[in-house]
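First the structure, in the form of C-alpha cells, and then the observations on it.
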Amino acid sequence: MNDAAAAGPVALLIGTKKGAFVLRGDARRARWELSDPILLGHIVHHIVYDARDGGTVLMAARTGHLGPTVLRSVDGCRTWEEAARPPAFAKAAAGDAEPGRVVEHVFWLAPGHAREAGVWYAGTSPQGLFRSEDDGRTWQGVRGFNDHPMRAAWCGGGQDGTPDGPKMHSILVDPRDPRHLYIGMSGGGVFESVDRGGEWQPLNQGCAMDFAPGPAPEFGHDPHCVALHPLRPDRLYQQNHCGIYRMERPEGRWVRIGDNMPRDVGDIGFPIVVHPRDPDVAWVVPMDGTDVWPRTSPGGRPAVYVTRDAGATWRRQDAGLPAEKAWFTVLRQAMAADHHAPVGLYFGTTAGEIWASDDEGEHWRCLVRHLPQIYAVEVAEALR
Amino acid sequence: MIVRLATPLRSYTATRGVVDAEGATLADLLHDLDRQFPGLRFRIIDEQDRIRPHVKLFVNQDQVHTLAAPLATGDEIHVVCALSGG
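Protein chains in written order, with numbering that gives the first Met the number 0: chain A, 0 to 383; chain G, 0 to 85.
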C-alpha cells in the first residue's frame with residue numbers, strides 16, 4: 000500500500016436520487032467544475048473509481064420503473080456500457096421452500112484486491128454479495144454468502160432492514176490478503192470471511208443492539224458504515240445505528256469509542272471515514288438519533304467530529320458549516336477523503352449540497368448546491 | 000409483431016418507440032427483444048421471471064400478468080412504465 004500523499008487533481012463522483020455528477024477540482028482543490036447530469040433521472044446508489052487501473056468507474060443504477068443494473072465507464076465518465084449480466088440472485092427451483100429473491104437495487108460497489116485486477120464486489124438490497132472478475136461486465140453471486148444456510152437468519156425479515164430496503168454495504172478487502180473479506184449489513188451486522196467468501200462468521204461482539212431486548216445477540220445488528228485502515232488493516236472503525244466503535248484484530252471485540260462524544264450530540268450517524276495515512280484519525284457526521292430518529296443535524300447545527308487518538312477524544316469541526324437551521328442528513332456513502340496532505344474531506348447532503356474541506360475538516364465550504372438528494376460521494380484522483 | 004416501448008426503455012432501441020419482435024408466447028417475445036436489444040429484458044423482468052412492479056405488459060388491450068401468455072400473429076404488445084413515485 001502506497002502511503003505517499005497525492006498532489007494531483009481531485010474529482011468527486013456523486014451519486015444522487017436523480018442521476019450522477021462529476022465534480023472536477025484542480026490540484027490545489029480551489030477551482031471546481033460540475034459536469035452535466037449523467038443518466039439524469041436514474042437512481043444512482045454508488046459510483047466508484049478503480050484506483051488500481053487508473054480509469055474504470057462503475058455505477059450502480061436503476062430507475063423508478065426499471066430493474067437494477069451496473070454501468071461501466073473507461074473514459075472518465077463520458078460514455079457508459081451496461082453490464083452484460085448485472086447482479087441477480089439465482090432463479091428459484093420448483094419446490095424450493097423459499098421464494099426466489101430479487102435484487103431490488105445494487106447498493107454498494109467495491110474494487111477487489113490490488114493484486115486482482117478486474118475483480119469487483121457488489122452488495123445489494125436485499126442483502127446479497129456478488130463478484131465480477133471481468134471489470135464489472137458480468138456478475139456472479141458469491142454462493143458462500145447468498146446460499147449460506149444461515150443467510151436468512153442473519154439478514155432477518157422485512158422488519159429487520161432499513162425502511163428503504165435491507166442493504167449489504169462496506170465490502171472491505173484486506174490489503175494483505177484477497178481472501179480476507181468483511182461485509183456490513185443493515186440489518187444483520189458485520190461478518191468476516193477468510194476464504195474469499197466461502198464461509199462467513201459474525202463479528203459483532205461488543206456492539207450494542209438497542210432495538211432488541213436482552214443481551215446483544217451474535218448477529219442482527221445495524222452497522223451503518225465500516226472502515227478498515229489501509230495501512231493498518233487490523234484496525235476497523237464502525238459507525239453503527241447504536242454508536243461508534245473501533246476493533247483491533249485479531250481480537251474480535253468492538254469498543255464503543257462513541258462514548259467519548261459529547262452527550263448532547265451523541266454518537267449516531269451514517270458515515271465514518273479514515274485518514275489515508277494515520278490509523279488514529281477518523282471523521283464522523285453525527286445525526287439526531289433521539290425520540291423518532293429525525294436523522295438530521297443535531298439541533299439543526301451540522302458538524303463533523305474528528306478523533307486523532309483512535310476514539311479516545313473527539314473534537315467538533317464546524318467552521319464554515321451553517322451555524323443554525325440546517326436540517327440535512329449525510330448518508331453512509333456520502334463522505335470521502337482524498338490522499339492529499341493535508342487530507343481533503345468531502346460530504347454530500349440529502350439537501351443536494353457538496354461540502355469540502357482542504358485542511359482535514361478544520362474549515363468547510365460549499366462547492367455545489369441544488370443537486371438532487373445525494374446518496375454517494377467518492378473520490379477519484381486520477382480520473383481521465 | 001409490433002412492440003410499443005415506453006420511453007425509459009428507448010435507450011436500448013436507439014430511441015425507437017416501436018420495434019418488431021416474434022414469439023409464440025410473451026416469454027419468447029421478450030427473449031427475442033433481448034436478443035435484438037441486449038439488457039432490455041432484465042430491466043422489466045426480474046431474475047425470477049416476474050414482471051417488475053412498475054412495469055405493465057399489455058397484449059392488445061388486455062394487461063397480462065404471466066410470461067406464459069400466448070401470442071398470435073397481428074397482436075400488438077405494449078410495455079408500459081407507470082407509477083414509480085417522486
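C-beta atoms are modelled at their ideal positions from N, C-alpha and C, and glycine is treated no differently. Bear in mind that the values here come from a model prediction, so they are computed numbers and not experimental data.
A59(A) is outside the set of residues whose beta carbon lies under 9 Å from a beta carbon in chain G.
Taking each of P98(A), F346(A), R130(A) in turn and checking the Cα distance to R368(A), the smallest one comes out for F346(A).
Taking a Cβ-Cβ cut-off of 8 Å, I50(G) has no neighbours in chain A, whose nearest Cβ is about 10 Å from it. Less than 9 Å separates the beta-carbon of R276(A) from that of A4(A).
Inter-residue distance for D45(G) and H147(A) is about 22 Å (C-alpha atoms, whole angstroms). Between T55(A) and V105(A), the C-beta spacing is not below 9 Å.
Assigned with DSSP and collapsed to three states, A152(A) falls in helix. Here DSSP, grouped into helix, strand and coil, assigns I373(A) to strand. Nothing from the region 332–360 of chain A brings a Cβ to less than 8 Å from some Cβ of chain G. Residue pairing of M167(A) in beta bridges, as defined by DSSP: M184(A).
One alpha carbon belongs to R252(A), the other to D35(A), and they sit about 45 Å apart. Of the residues K166(A), G135(A), C76(A), the one whose Cα lies closest to the Cα of S124(A) is K166(A). For D25(A), there is no enclosing beta strand (DSSP E), as DSSP gives it neither H nor E. Less than 9 Å separates the beta-carbon of C80(G) from that of H64(A). Segment contact: the region 317–331 of chain A against the region 249–267 of chain A, fewer than three CB-CB distances shorter than 8 Å; contact not assigned. Between the alpha carbons of W354(A) and Q237(A) lies a gap of roughly 22 Å. Between P278(A) and L22(A), the alpha-carbon positions lie close to 28 Å from each other. According to the DSSP secondary-structure assignment, Q332(A) is paired through a beta bridge with A375(A). Your pair A26(A) and A6(A) checks out as a contact, with CB atoms roughly 6 Å apart and the cut at 8 Å. Classified as exposed, G197(A) has fewer than 16 neighbouring CB atoms from the shown chains inside 10 Å of its CB. Taking 9 Å as the threshold, the shortest C-beta distance from Q47(G) to chain A falls below it. One Cα belongs to R294(A), the other to I267(A), and the distance between them is close to 8 Å. Not a single CB atom of chain A sits nearer than 9 Å to the CB of R15(G). Rounded to whole angstroms, the gap between the alpha carbons of P8(A) and F218(A) is 42 Å. Scanning chain A for C-beta atoms nearer than 9 Å to the C-beta of V54(G) yields H64, L65, G66, reported in chain order. Straight through space, the alpha carbons of C365(A) and I50(G) are spaced by roughly 43 Å. Rounded to the nearest whole angstrom, the C-alpha separation of A71(G) and F88(A) is 32 Å. Residues A82, A83, R84, S131 of the same chain have their beta carbon placed closer than 7 Å to that of T137(A), with the five preceding and five following residues left out of the count.
Chain order gives no chain G residues near F144(A), where near means a beta carbon separation below 9 Å; the closest approach is about 17 Å. Below 8 Å, too few C-beta pairs join the region 98–117 of chain A and the region 148–155 of chain A to call them touching: fewer than three. Judged by beta-carbon spacing, L171(A) lies beyond the 9 Å limit of A121(A), meaning their Cβ atoms are not closer than that value. Distance check between M0(G) and each of V78(G), K55(G), A26(G), A20(G) places A20(G) closest, using alpha-carbon atoms only. Taking R9(G) as the centre and dropping the five residues before and after it, the same chain places the C-beta of R15, G16 closer than 7 Å to its C-beta, in chain order. In the DSSP assignment, G143(A) falls within the unbroken alpha helix (DSSP H) covering 142–145.
The beta carbon of P85(A) sits closer than 9 Å to some beta carbon of chain G. Scanning the region 107–140 of chain A for uninterrupted beta strand (DSSP E) segments of 3 residues or longer gives 119–124, 127–131, listed from N- to C-terminal end.
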